[in-house]
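To keep things clear, I will list the structure first and then write my remarks on it.
Protein chains: 2
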Amino acid sequence: MDFDLGARLRAVRELQGLSQRELAKRAGVTNGTISLIEQNRVSPSLSSLKKVLDGIPMSLADFFALNTGPRPKIFFGRDELLEIGGGAAISYRQVGHDLAGRGLQILHERYAPGADTGKAMLRHAAEEGGVVLKGELEITVGDQRRVLGPGDAYYFDSRTPHRFRNLGDEPCEVVSACTPPSF
Amino acid sequence: MDFDLGARLRAVRELQGLSQRELAKRAGVTNGTISLIEQNRVSPSLSSLKKVLDGIPMSLADFFALNTGPRPKIFFGRDELLEIGGGAAISYRQVGHDLAGRGLQILHERYAPGADTGKAMLRHAAEEGGVVLKGELEITVGDQRRVLGPGDAYYFDSRTPHRFRNLGDEPCEVVSACTPPSF
DNA sequence: GCTTTTCGTTTAATATCTTAGACGATCTAA
DNA sequence: TTAGATCGTCTAAGATATTAAACGAAAAGC
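So the protein lines, in turn, are chains A and B.
With the working numbering applied, the first sequence closes on residue 183, and no number is skipped along the way.
With the working numbering applied, the second sequence closes on residue 183, and no number is skipped along the way.
Set out below in structure tokens:
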């Protein structure tokens, strides 16, 4: 665990002015269980933790979202972004050279026949969308997949895994936008 | 449990395109454990659930806060783009109908010959850019002016006054992006 | 056709969690 | 001082979760 579950539960319980026994009674568990959890001597089952939180009451989502303060900027161009290098098969022509301080990245993309952004699907914290200009492009986002033709468009949260492939036999052109820039 | 833990985990896992075994390997648990959890035949210990989510990766907070609402539309056929402010001379076809919560607006624009966004130049707090697909477009930004042709592109801070005009005798097409949405 | 791989599931054995109950410490009231 | 109440902790026994291995089904290669 990357956080102190026991301390978190204890803090929440004491904030409510509840004793271990009182909370245990409300939750339908024994006081010993709560004691052990608060000492981090066991890793409670979800059913137990849920019962305990119901006795406070507090949702699991709220419990885990506690005290997290300003969300750390994870996912920040962290992985796979350059793996797109389907090599010569895919070319990106970026509008503008310096992305520093920008909130928006615009690309004119060209996918050669058979070009593929890769099997390990891309993930980055942003939103992106685009319009297909020429050719056909198969786009997979999460468990949804569709082949888009000229004039068709897409838009999705970039955190869901996605993949682009040109399944046709002619080059495919796309103008895409992404915010914030991920390259 | 007031929600289907097993189904939630399965949905998250499959959205990543991971098999039970692949995820188990990443998480440091056995595939059987994941199978049993997804069938709700056990209530996993928090340590186990944490390990599993680390293999995705996803935080506990995000997992329990997962949006169970309807999934947003991702793909848009060429006839499904939303017509905006459709003057006869200029048509804006927006990717996606609902901008609420979005950080990015993408438009497929068409300027008829002679079309003009107006003498009183536009100003809004955002950044925007685009790529010209067909025809020619005169763009004025502040005291700079230029005529762009197919493949040419632009990018500027929307707070500086700007104006678009199609001076040619054929229609002009542009794909543009703007953040945050200004309509 | 056949083999090989991968998929999710199941089961017996093991590891871990939860309970019931007891323990000492602390506080209050008689 | 004493008895009673309440606190958090601890431990053995029972309940549950996890593992390791095997299973049949389905897809992929040959």
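All C-beta atoms, glycine included, are put in the ideal place defined by N, C-alpha and C.
Query                                                                                                                                                                  : Result
Is the beta carbon of Phe-63 (chain A) sitting closer than 9 Å to the one on Val-12 (chain A)?                                                                         : yes
In its own chain, which residues sit with a C-beta less than 6 Å from the C-beta of Arg-165 (chain A), not counting the 5 before and 5 after it?                       : Asp-116, Glu-138
Verify the CB distance criterion: does Ala-27 (chain B) have a CB-CB separation below 9 Å to chain A?                                                                  : no
How about Glu-83 (chain A): is its C-beta nearer than 9 Å to some C-beta of chain B?                                                                                   : No answer about Glu-83 (chain A) holds up, because its pLDDT of 25 lies below 50 and its placement is not dependable.
Within 10 angstroms of its Cβ, does Arg-93 (chain B) collect 16 or more other Cβ (buried), or is it exposed?                                                           : buried
Got a sec: is the Cβ-Cβ distance from Gly-77 (chain A) to anything in chain B below 9 Å?                                                                               : Note on Gly-77 (chain A): pLDDT 18, under 50, position unreliable in the model; the coordinate value appears next. False, the Cβ-Cβ gap to chain B never drops below 9 Å.
With a cut-off of 8 Å on the beta carbons, I'd call Ala-153 (chain A) and Gly-135 (chain A) a contact; round off their distance for me.                                : So it is not a contact: roughly 14 Å between Cβ atoms.
Going along chain B in order, which residues have a C-beta closer than 7 Å to the C-beta of Ala-177 (chain A)?                                                         : Leu-104, Ile-106, Ala-177
Taking Cβ-Cβ distances below 7 Å as the criterion, which residues of the segment 47-66 of chain B are in contact with chain A?                                         : Ser-47, Leu-49, Lys-50, Leu-60, Ala-61, Phe-64, Ala-65
How about Pro-44 (chain B): is its C-beta nearer than 9 Å to some C-beta of chain A?                                                                                   : yes
Please tell me whether Phe-95 (chain B) has its Cβ less than 9 Å away from any Cβ of chain A.                                                                          : First, the amino acid is wrong: residue 95 (chain B) is Val here, not Phe. Val-95 (chain B) counts as touching chain A.
DSSP beta-bridge partners for Ile-106 (chain B)?                                                                                                                       : B:Ala-177
Just mark Leu-18 (chain B) as buried or exposed, buried being the case when its beta carbon has 16 or more other beta carbons within 10 Å.                             : buried
Quick one: what's Gln-39 (chain A) bridged to in DSSP?                                                                                                                 : In DSSP, Gln-39 (chain A) forms no bridge with anything.
Can you grab the Cα-Cα spacing for the pair Gly-77 (chain A) / Ser-158 (chain A), in whole Å?                                                                          : The predicted position of Gly-77 (chain A) is uncertain, since its pLDDT is 18 and thus under 50; a value taken from the coordinates is nonetheless stated next. About 11 Å.
Which one or two residues does DSSP pair with Val-141 (chain A) in a beta bridge?                                                                                      : A:Gln-144, A:His-162
How would you write the range of the beta strand (DSSP E) that Gln-20 (chain A) sits in, first residue to last?                                                        : Taken as a continuous stretch (DSSP letters only), Gln-20 (chain A) belongs to no beta strand (DSSP E), being part of the alpha helix (DSSP H) at 20-27.
Is the separation between the beta-carbon of Pro-150 (chain A) and that of Arg-110 (chain A) shorter than 9 Å?                                                         : no
So which residues on chain B does Leu-5 (chain A) lean against when the C-beta distance must stay under 7 Å?                                                           : Leu-46
Smallest Cα separation from Leu-15 (chain B): which of A:Arg-145, A:Gly-168, A:Asp-169, A:Ile-37?                                                                      : A:Arg-145
Tell me which same chain residues have a C-beta within less than 8 Å of the C-beta of Ala-59 (chain A), skipping the five on either side of it?                        : It should be noted that the sequence gives Ser, not Ala, for residue 59 (chain A). Within the same chain, Ser-59 (chain A) has close Cβ partners Leu-53.
Rounded to a whole number of angstroms, what is the C-alpha to C-alpha distance between Ser-35 (chain A) and Lys-50 (chain B)?                                         : 21 Å
Determine the extent of the beta strand (DSSP E) in which Ser-59 (chain B) is found, giving its start and end residues.                                                : Premise fails: Ser-59 (chain B) is in no beta strand (DSSP E) and is neither H nor E.
Check each candidate in A:His-108, A:Glu-38, A:Ile-56 and name the one with the smallest Cα separation from Val-174 (chain A).                                         : A:His-108
What number of angstroms, rounded off, separates the C-alpha of Thr-140 (chain A) from the C-alpha of Glu-38 (chain A)?                                                : 44 Å
Which two residues bound the contiguous alpha helix (DSSP H) that contains Ser-48 (chain B)?                                                                           : 46-54
Note down the Cα distance separating Cys-178 (chain B) from Ser-47 (chain A), rounded to an integer number of angstroms.                                               : 46 Å
Tell me which residues share the same chain as Asn-31 (chain B) and place their Cβ nearer than 6 Å to its Cβ, disregarding the 5 neighbours each side in the sequence. : Gln-20, Arg-21, Ala-24
So, is the C-beta of Gly-151 (chain B) closer than 9 Å to a C-beta in chain A?                                                                                         : yes
For a quick check, are the C-beta atoms of Gly-55 (chain B) and Arg-26 (chain B) less than 9 Å apart?                                                                  : yes
Near Leu-167 (chain A), which residues of its chain fall below 6 Å by C-beta distance, leaving aside the five closest residues on each side in sequence?               : Glu-138
For the candidate residues B:Val-29, B:Gly-28, B:Ser-43, whose alpha-carbon lies nearest to that of Asp-4 (chain B)?                                                   : B:Ser-43
Who are the Cβ neighbours of Ile-90 (chain B) in its own chain at under 6 Å, not counting the five residues just before and after it?                                  : Tyr-111, Ala-115
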